[in-house]
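Protein chains: 2
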Amino acid sequence: MTTEDTPSDPRTLTTVLNAIDIIRTLMQLDGAGVTELADHLDESKSTTYTYLKSLEQGGLVRKDGKEYQLSYDMLIFGEYVRNQSLLYTIGKSEIDSLAAETGQYAHLVVEENGRGHNLYKSKGEQAVGDDYQMAKFQQRDYLHITASGKAILAYLPRERVETITDHHGLPARTEHTITSKDRLFEEIADIREQGYSHNNEEEIEGFQAIGAPIRSRDGIVRGSLSVSGPKSMFEDDSAYQKISDLVTKTANVIEVNVNMHRRSSEIINEGT
Amino acid sequence: MTTEDTPSDPRTLTTVLNAIDIIRTLMQLDGAGVTELADHLDESKSTTYTYLKSLEQGGLVRKDGKEYQLSYDMLIFGEYVRNQSLLYTIGKSEIDSLAAETGQYAHLVVEENGRGHNLYKSKGEQAVGDDYQMAKFQQRDYLHITASGKAILAYLPRERVETITDHHGLPARTEHTITSKDRLFEEIADIREQGYSHNNEEEIEGFQAIGAPIRSRDGIVRGSLSVSGPKSMFEDDSAYQKISDLVTKTANVIEVNVNMHRRSSEIINEGT
DNA sequence: TGCCGATGTTCAATATATACGAACGCTCTA
DNA sequence: TAGAGCGTTCGTATATATTGAACATCGGCA
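As given, the protein sequences belong to chains E and L, one line each in that order.
When we follow the working numbering, the leftmost residue of the first sequence carries the number 4, and every step to the right adds one.
When we follow the working numbering, the leftmost residue of the second sequence carries the number 4, and every step to the right adds one.
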């Protein structure tokens, strides 16, 4: 239906996929009417209409004046997903401290389907960059482009990294972006040695970042965090050192707390 | 399929509604396996399996170990919906100030399908109540139970209020909850006279709140805001006065800014 | 005011996708 | 290592989605 649709085996519910396409397109178009949507999806008006009405009845879509929009129920799902994440509930305040101590932006990230999802971000006092750019809910990043993403890649099984890069490719954002697998695996080796990742203007010109993984006791990456800001903040050696120390320290604190929490839930569940 | 399902006319896509049921149930159960879900929905295992796989392929659901969960894409939808709302983008900082000035919780609310949805909340320094209770994403409230909800009801067309109460009823939360239509319409008249609403332990024993509507130039309610805290904060007359003044003032500021923004977009769009 | 074009909505026929049970495979546990 | 419980596959019976054409409604413009 859309350009990105994989062939899909015949045992998949096409109606469900179509509905999801409509949801995504509605987001992409920032709301749309029946005709506009139908044109974008190459479907008949009547079909599109039926989908919209069904989604409306199900509460995922709302008719707002002349246009159909995603409903506020989506907000509920989103908040639910966020609050469900241990990384978020435990890490939130640590990320706030990290942003406060560094004065820059701090982010908390998880991986899903080979992309980095922003669970939370906190803005430090000296953080620059329009809120515009930062508020943009570009919440799904390529992993090879960000410090937090690279921190995750570095501790994913090599095979998984292969799959991800094969699937998503290594598109460039700036001239510093890592665009070859070889280069990426070199970088991964460096990160593992240092324990943190460094984004050297690979996502945005003039911006740098330092990230570190958050792992569970068995070594599996659960997510990562990062601090980002204008490159001037990272150029001075002692500043760089300070930030990387804070980043790894914070990652460790969250790691310990998450693992403690998991352990205690496991003990509780032993009765089951 | 679920208990709340309305018969639904035959022109609706049942597959879409079924998929949405699965999403909602997955949230309700905090993740589930195929069998558990199938039991809850009174569907065959194989059918449920097909839905889960389709939703997974569509990216709304993720298999997390042994259980299916809502995906982080939901977070993207949620953030999108939030950021799309003018009330949020404009009101956020005002709500923060309101929380700071009163020291209590401040909320920003919109109405959808007769329920109040929390767009944003901010916690003041002296705010009490476990983060637990407040972080709980109970983000869809009955309108007659909260100060913000009542502020909205007060400026909705009477006919709409009737529809909403008929549909949702007036369930009680405490012994102070308004549970009759007559009482509700009296309250609405009072709110219109005062310009703000007062929640007198109608939602939670020992908690009070003051809310005010946010309306567009044509008088249509776009949402509301409120400040809530322990009743001791509201008992002193001058404190009550101070809070209600701040609440109505803040509502006005947001109102003006939203209306200005809309006006300028309209002017821009004149070229279209 | 009244007409035109565009958009939203309905419908009946057709083409197609979904639902289910039974059977198989896997895993965990006793 | 047997067995219970869960996830997965598949063939078939059945119910569902799709579409264009016709109708309704809205908004703009003369």
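Quick reminder that beta carbons are idealized off the backbone N, C-alpha and C, glycines included.
Treat the numbers as computed from the prediction; the structure is a model and nothing was measured.
Have a look at N121 of chain E and E162 of chain L and give me their C-alpha separation to the nearest angstrom.
Translated into positions along the first sequence, residue 121 of chain E becomes position 118. Translated into positions along the second sequence, residue 162 of chain L becomes position 159. Taking the straight line joining both Cα atoms gives about 42 Å.
Among residues of its own chain, excluding the 5 on either side of A22 of chain L, which ones have a beta-carbon nearer than 8 Å to its beta-carbon?
As a first step, residue 22 of chain L must be located in the second sequence, where it is residue number 19. Counting only Cβ-Cβ distances below 8 Å, and skipping sequence neighbours, we find Y54, S57, L58.
- Can you tell me whether T168 of chain L is buried or exposed, with buried defined as 16 or more other CB within 10 angstroms of its CB? Translated into positions along the second sequence, residue 168 of chain L becomes position 165. Buried, since its Cβ has 16 or more Cβ neighbours within 10 Å.
* To do: Could you pull out every residue in the same chain whose Cβ sits closer than 7 Å to the Cβ of P174 of chain L, ignoring the five residues on either side in sequence?
  => Residue mapping note: residue 174 of chain L aligns to position 171 of the second sequence, counting from 1. The residues are Y145.
For this session: Take the Cβ of R14 of chain E as the centre, count every other Cβ of all protein chains shown within 10 Å, and call the residue buried at 16 or more, exposed below.
Result: Counting from 1 along the first sequence, the entry for residue 14 of chain E is found at position 11. By the neighbour-count rule (16 or more Cβ atoms within 10 Å), R14 of chain E is not buried but exposed.
Practice item. Please state whether DSSP places R265 of chain E in a helix, a strand or coil. Key: Residue mapping note: residue 265 of chain E aligns to position 262 of the first sequence, counting from 1. Residue state for R265 of chain E is assigned as helix, using DSSP reduced to three classes.
Exercise for review: Using a threshold of 8 Å, state whether the C-beta atoms of S227 of chain L and I213 of chain L are closer than that.
Suggested key: Working through the second sequence from its first residue, we reach residue 227 of chain L at position 224. Working through the second sequence from its first residue, we reach residue 213 of chain L at position 210. No, they are not a contact pair.
With 8 Å set as the bound, which would you pick, yes or no: does the beta-carbon of H264 of chain E sit closer than that to a beta-carbon of chain L?
In the first sequence, residue 264 of chain E corresponds to position 261, counting from 1. So no, H264 of chain E is outside the interface.
Checking the sheet assignment: what are the DSSP bridge partners for V230 of chain E? Within the first sequence, the letter at position 227 stands for residue 230 of chain E. Beta-bridge pairing links V230 of chain E to E:A109, E:I213.
ask   = Should R186 of chain L be flagged as near chain E, meaning a C-beta pair shorter than 8 Å?
value = Translated into the one-based positions of the second sequence, residue 186 of chain L becomes position 183. No - not a single Cβ of chain E is within 8 Å of the one on R186 of chain L.
Handout entry: Candidates L:E82, L:L29, L:G106, L:L20: closest to M30 of chain E by CA position
Key = Here residue 30 of chain E refers to the residue found at position 27 when the first sequence is read from its first residue. The residue with the shortest Cα to Cα distance from M30 of chain E is L:E82.
### First and last residue of the uninterrupted alpha helix (DSSP H) at V37 of chain E
Here residue 37 of chain E is taken as the residue at index 34 of the first sequence, counted from 1. From DSSP, the alpha helix (DSSP H) with V37 of chain E extends over 37–44.
Taking C-alpha atoms, which residue in E:A254, E:T166, E:R176 lies nearest to S151 of chain E?
-> Within the first sequence, the letter at position 148 stands for residue 151 of chain E. If we check each option's Cα against that of S151 of chain E, E:A254 comes out closest.
Practice prompt. Select from E:F188, E:R265, E:I148 the residue whose C-alpha is nearest the C-alpha of P160 of chain E.
Written response: Translated into the one-based positions of the first sequence, residue 160 of chain E becomes position 157. Ranking the options by Cα distance to P160 of chain E, first place goes to E:F188.
Exercise. Leaving out five residues before and five after Y135 of chain L in sequence, what residues of the same chain have Cβ atoms less than 7 Å from its Cβ?
Worked result: Residue numbering aside, residue 135 of chain L sits at position 132 when the second sequence is read from its first letter. At Y135 of chain L the pLDDT is 49, less than 50, meaning the model places this residue with poor confidence and gives no usable figure here.
Checklist entry - What residues from chain E crowd round R14 of chain L, counting only those whose CB sits closer than 7 Å? => result Here residue 14 of chain L refers to the residue found at position 11 of the second sequence. Correct list: T53.
| said: Checking 8 Å against the spacing of the C-beta atoms, do E204 of chain E and K234 of chain E come in under that value? | reply: Residue mapping note: residue 204 of chain E aligns to position 201 of the first sequence, counting from 1. Residue mapping note: residue 234 of chain E aligns to position 231 of the first sequence, counting from 1. The Cβ atoms of E204 of chain E and K234 of chain E sit closer than 8 Å to each other.
If I measure Cβ to Cβ from R186 of chain E and keep anything under 6 Å in the same chain, skipping five residues before and after, which residues do I get?
Here residue 186 of chain E refers to the residue found at position 183 of the first sequence. Same-chain partners within the cutoff: there are none.
With a CB to CB cut of under 7 Å and the five nearest residues on each side skipped, what residues in its chain are close to I148 of chain E?
Locating residue 148 of chain E in the first sequence gives position 145, counting from the first residue. Cβ neighbours of I148 of chain E beyond the five flanking positions: R176, T180, E205, E206.
Point to revise | Beta-carbon spacing of F80 of chain L, M77 of chain E below 8 Å | key: On the second sequence, residue 80 of chain L is found 77 positions in, with the first residue counted as 1. On the first sequence, residue 77 of chain E is found 74 positions in, with the first residue counted as 1. Yes, Cβ-Cβ distance for F80 of chain L and M77 of chain E is below 8 Å.
Q: Report all residues from its chain with a CB closer than 6 Å to the CB of M263 of chain E; omit the five preceding and five following residues, and keep chain order.
A: On the first sequence, residue 263 of chain E is found 260 positions in, with the first residue counted as 1. Closer than 6 Å at the Cβ level, and outside the excluded window around M263 of chain E, lies no residue.
Taking the alpha helix (DSSP H) that G152 of chain L belongs to, which residues open and close that run?
Mapped onto the second sequence, residue 152 of chain L falls at position 149. Start and end: 150–157.
- [ ] Please compile the residues from chain L whose C-beta is within a distance smaller than 7 Å of the C-beta of K56 of chain E.
- [x] Locating residue 56 of chain E in the first sequence gives position 53, counting from the first residue. T15, listed in chain order.
| N-terminal and C-terminal residue of the beta strand (DSSP E) that Q129 of chain L is part of | In the second sequence, the residue the question calls residue 129 of chain L occupies position 126. Segment: none, Q129 of chain L is in no beta strand (DSSP E) and carries neither H nor E.
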